[in-house]
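Every letter in the sequence shown is one number past the one before it in UniProt numbering, and letter 399, counting from 1, is 399. All residues carry an ideal CB built from backbone N, CA and C; glycine is no exception. These notes are about the structure you will find just below.
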Amino acid sequence: MGKLTALAIKSMKYKLSEPVGSRGDGALLLEKRKSGTVEVYYRYKHQGKESKVKIGQYKTTRDGNGYSLAECRDRVQELAKTRRECDGDLKEHLTGQKQEQERIRAERKRKSELEALQGTLGELCENYVAALVRQGKKSASQVEGCFERYVLKPFPDLASRKAREVSVDDIVSIIRRMIEKGITTTSNRLRSYLHAAYEYGMKADNDPREQLAHGKRFLIEHNPVAAVPRQTDYERVRDRYLSHEEIHRLWHDFSTILSNRSPIYGLLLRFMLATAGNRPEQLRQCKWSDIDFNRRTFTFIERKGKGGIPKKRVMPLTNRAVSILEEVAIISGNFEWPFSANGRGPINISTFSHRIRDYCFYLEAEAKAKGEELPESFTAKDIRTTATNLLIESRVLQEQRFLLQSREDGSIESKHYDHSDRLPEKREALKRYDALLEKIIKGENTKLVDFEQYKQSTSQQSNL
């Protein structure tokens with residue numbers, strides 16, 4: 001076989017070949033089809049059998065597609081060299097190479113798709129808040145606002161970075177900015193929220209329900225917030241509770257002072273006190289169907305606590321609480337919720353907080369006008385603290401206090417015992433509490449509660 005020429009290829013009828021390199025290195029093979037196209041192969045023998053590896057199409061015209069004769073020779077030289085180096089069948093070697101290349105391409109595609117699915121810090125914050133909403137956590141809006149104000153708006157570049165790429169230094173920068181601005185306690189809150197968001201993100205990747213909810217993957221290997229210390233001296237334990245005189249005035253004057261507002265807010269405030277300080281978030285969600293006037297109980301769902309697992313709570317009603325509900329019924333008896341101002345839903349807890357703030361503003365303005373010392377303001381949470389203090393004054397034991405206020409004390413019993421089965425204990429404890437509350441409302445001396453006298457005064461009324 002001699003050297004091929006363009007003229008010989010043009011006039012070929014079926015096959016032409018040209019040896020490659022030394023003996024045994026194979027040959028350049030051209031085969032002409034009926035259509036007139038010429039296909040180029042590298043032909044060689046392996047273990048006595050002839051094999052062919054297709055190179056492509058020969059370029060029959062200057063502007064046509066395919067390889068020129070020189071390019072065909074270069075390609076078969078490369079294949080001959082590869083055959084010598086692979087120490088095996090060239091075809092199998094090339095097939096393996098192709099499969100490996102396809103595997104690499106597939107892996108790159110997978111990584112690219114995974115990269116597109118990887119959530120940013122902003123998306124991590126958003127998805128964590130959405131998870132809180134699904135769990136019925138009342139803190140969801142507070143967490144969302146904190147993220148928006150202290151992370152997403154001041155650090156847009158960081159918010160758009162992959163959550164897994166956020167470093168400890170980045171978290172420190174966020175917290176440091178707050179501290180530099182004098183934002184102390186809230187900086188600890190934000191740290192706690194970010195830490196919880198990263199913990200959520202690490203678990204969400206393997207949670208089918210979370211994947212259905214947002215479809216993002218975070219691939220977080222470690223929590224960058226864990227290395228940032230909490231500033232313990234920034235935590236101020238609020239121990240504000242109302243004095244007996246403050247309770248007396250609150251009970252009698254709240255609705256009068258806020259006469260331009262719905263009386264439902266004052267009645268909720270009274271109901272909080274009458275039920276030993278249960279959370280307004282829980283009380284507002286109660287429906288008329290949750291109140292059993294025959295058993296003198298009301299039921300609500302407790303969602304506070306780790307895991308967001310709802311817990312049913314059944315609480316006793318005193319005569320005082322029933323009387324309050326009778327007043328409430330005049331306003332919202334035809335609504336689904338007792339504590340509703342319009343029937344479209346329960347009152348907004350933030351609006352309730354604003355009403356308490358308005359009351360405090362009135363007291364401050366009144367004190368200023370009289371030239372007296374300004375009274376300390378209080379919140380809805382302080383009403384609960386006040387009720388706790390009254391329970392202690394009433395000599396109600398801690399375990400019964402936890403029962404009445406739906407608190408978890410961390411004990412095995414607290415975790416596994418159904419609180420609704422302990423109504424007799426709750427009733428007895430609430431009697432002691434209500435005896436003190438009655439004296440406060442009447443403005444009587446409350447240094448000591450004469451429980452026997454209280455029982456005699458209520459003996460002609462319906463039993464609790």
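9 angstroms Cβ cutoff met for residue i and residue j
{"i": "Phe271", "j": "Ala321", "result": "yes"}
{"i": "Met314", "j": "Phe339", "result": "Rather than Met, the amino acid found at residue 314 in this sequence is Val. No; because the gap between Cβ atoms is not below 9 angstroms, this pair is not in contact."}
{"i": "Leu124", "j": "Ala70", "result": "no"}
{"i": "Arg217", "j": "Leu152", "result": "no"}
{"i": "Ala130", "j": "Ala213", "result": "yes"}
{"i": "Ile264", "j": "Val328", "result": "yes"}
{"i": "Ala276", "j": "Ala369", "result": "no"}
{"i": "Pro316", "j": "Leu430", "result": "yes"}
{"i": "Val396", "j": "Arg432", "result": "yes"}
{"i": "Ala341", "j": "Ser289", "result": "no"}
{"i": "Arg164", "j": "Leu219", "result": "yes"}
{"i": "Val166", "j": "Leu158", "result": "yes"}
{"i": "Ile331", "j": "Leu423", "result": "no"}
Same chain only: Cβ atoms within 7 angstroms of residue i, ignoring 5 sequence neighbours per side
{"i": "Glu364", "result": "Leu374 and Pro375"}
{"i": "Ala380", "result": "Pro280, Phe352, Ser353 and Ile356"}
{"i": "Thr66", "result": "Checking the sequence shown, residue 66 turns out to be Gly, not Thr. So the list reads Gly56, Gln57, Tyr58 and Lys59, once near-sequence residues are dropped."}
{"i": "Arg161", "result": "Thr120 and Leu121"}
{"i": "Leu325", "result": "Ile291 and Pro338"}
{"i": "Tyr150", "result": "Ile174, Met178 and Leu190"}
{"i": "Glu221", "result": "Arg164"}
{"i": "Tyr200", "result": "Tyr128 and Ala131"}
{"i": "Lys138", "result": "Glu281"}
{"i": "Gly410", "result": "Low confidence applies to Gly410: its pLDDT is 42, below 50, so where it sits in the model is not reliable enough to give any reading."}
Near the ligand ZN: residue i beta-carbon under 8 angstroms from a heavy atom
{"i": "Leu194", "result": "Only the bare structure without any ligand can be found here, which leaves the ligand ZN out of the picture."}
Selection from the options that minimises the alpha carbon distance to residue i
{"i": "Arg33", "options": "Ser11, Tyr128, Val20 and Tyr433", "result": "Ser11"}
{"i": "Ala27", "options": "Ile257, Asp74 and Gly64", "result": "Asp74"}
{"i": "residue 499", "options": "Gly48, Ser22 and Ala8", "result": "Here the chain covers residues 1 to 464 and nothing more, so residue 499 does not appear."}
{"i": "Asn319", "options": "Arg284, Lys111, Asp434 and Asn188", "result": "Asp434"}
{"i": "Asn278", "options": "Leu79, Arg384 and Pro154", "result": "Arg384"}
{"i": "Ser259", "options": "Tyr128, Tyr362 and Arg191", "result": "Tyr362"}
{"i": "Asn389", "options": "Gly333, Lys368 and Arg240", "result": "Arg240"}
{"i": "His252", "options": "Tyr128, Thr275, Glu438 and Val168", "result": "Glu438"}
{"i": "Leu269", "options": "Pro156, Glu18 and Tyr359", "result": "Tyr359"}
{"i": "Asn188", "options": "Ile171, Tyr200, Glu199 and Gly201", "result": "Ile171"}
{"i": "Glu144", "options": "Pro154, Leu132 and Phe155", "result": "Leu132"}
{"i": "Phe378", "options": "Ala163, Leu242, Gly96 and Leu114", "result": "Leu242"}
{"i": "Glu126", "options": "Ser68, Gly215, Arg103 and Leu16", "result": "Gly215"}
{"i": "Pro154", "options": "Ser192, Arg176, Ile331 and Pro19", "result": "Arg176"}
{"i": "Glu235", "options": "Ser262, Ser192 and Asp63", "result": "Ser192"}
{"i": "Val38", "options": "Lys54, Glu50, Gly24 and Arg23", "result": "Lys54"}
{"i": "Ile440", "options": "Glu425, Leu273 and Asn334", "result": "Leu273"}
{"i": "Leu283", "options": "Ile330, Ser112 and Ile349", "result": "Ile349"}
{"i": "Gly2", "options": "Glu18, Tyr14 and Lys13", "result": "Glu18"}
{"i": "Arg23", "options": "Ala159, Glu107 and Lys45", "result": "Lys45"}
{"i": "Asp89", "options": "Asp25, Ile392 and Ser332", "result": "Asp25"}
Beta-carbon proximity list for residue i, same chain, < 6 angstroms, skipping 5 on both sides
{"i": "Trp337", "result": "Lys287 and Pro346"}
{"i": "Glu444", "result": "none"}
{"i": "Ser406", "result": "Glu302 and Arg313"}
{"i": "Lys203", "result": "none"}
{"i": "Lys52", "result": "Tyr41 and Arg43"}
{"i": "Tyr417", "result": "The predicted model places Tyr417 with a pLDDT of 44, which falls under 50 and marks its position as unreliable, so this point remains unresolved."}
{"i": "Leu194", "result": "Val225"}
{"i": "Ser68", "result": "Lys59"}
{"i": "Asn206", "result": "none"}
Residues near residue i in its chain [Cβ-Cβ closer than 8 angstroms; skip 5 each side]
{"i": "Pro310", "result": "Gly136, Ile301, Glu302 and Arg303"}
{"i": "Cys86", "result": "His93"}
{"i": "Gln77", "result": "Val20 and Gly21"}
{"i": "Leu114", "result": "Arg217 and Leu219"}
{"i": "Ser420", "result": "Note that Ser420 scores 49 on pLDDT, short of 50, meaning its location in the model is unreliable and no value can be drawn from it."}
- Quick one: complete beta strand (DSSP E) runs, 3+ long, within the stretch 283-345? Within the stretch 283-345, the beta strand (DSSP E) runs of at least 3 residues that lie entirely inside it are, in chain order, 297-302 and 311-316.
- Count the CB pairs spanning the stretch 288-299 and the stretch 389-400 that are closer than 8 angstroms, and state whether there are at least three. The answer is no - the stretch 389-400 does not touch the stretch 288-299, with fewer than three Cβ pairs under 8 angstroms.
- Item | Stretch-stretch touch, CB-based, cutoff 8 angstroms, three pairs: the stretch 179-197 with the stretch 226-242 | Note that the stretch 179-197 touches the stretch 226-242; at least 3 beta-carbon pairs, one per stretch, sit closer than 8 angstroms.
- Task: Spell out a yes or no on whether the stretch 216-228 and the stretch 245-262 are touching, meaning 3 or more CB-CB pairs, one atom from each, closer than 8 angstroms.
- Result: No: the two stretches stay apart, fewer than three of their Cβ pairs being nearer than 8 angstroms.
- Note down, one range per segment and in chain order, each alpha helix (DSSP H) of at least 4 residues found wholly within the stretch 129-158. Within the stretch 129-158, the complete alpha helix (DSSP H) runs of at least 4 residues are 140-147.
- Message: Just to confirm the assignment: which complete beta strand (DSSP E) runs, minimum length 3, are found wholly within the stretch 7-75?
- Response: If we require 3 residues or more, the beta strand (DSSP E) runs fully inside the stretch 7-75 come out as 15-19, 27-32, 38-46 and 49-57.
- Item | Contiguous alpha helix (DSSP H) assignments of at least 4 residues, all confined to the stretch 69-118 | Whole alpha helix (DSSP H) segments, 4+ residues: 69-86 and 90-117.
- Task: Note down, one range per segment and in chain order, each alpha helix (DSSP H) of at least 4 residues found wholly within the stretch 364-401.
- Result: Runs of the alpha helix (DSSP H) inside the stretch 364-401: 380-393.
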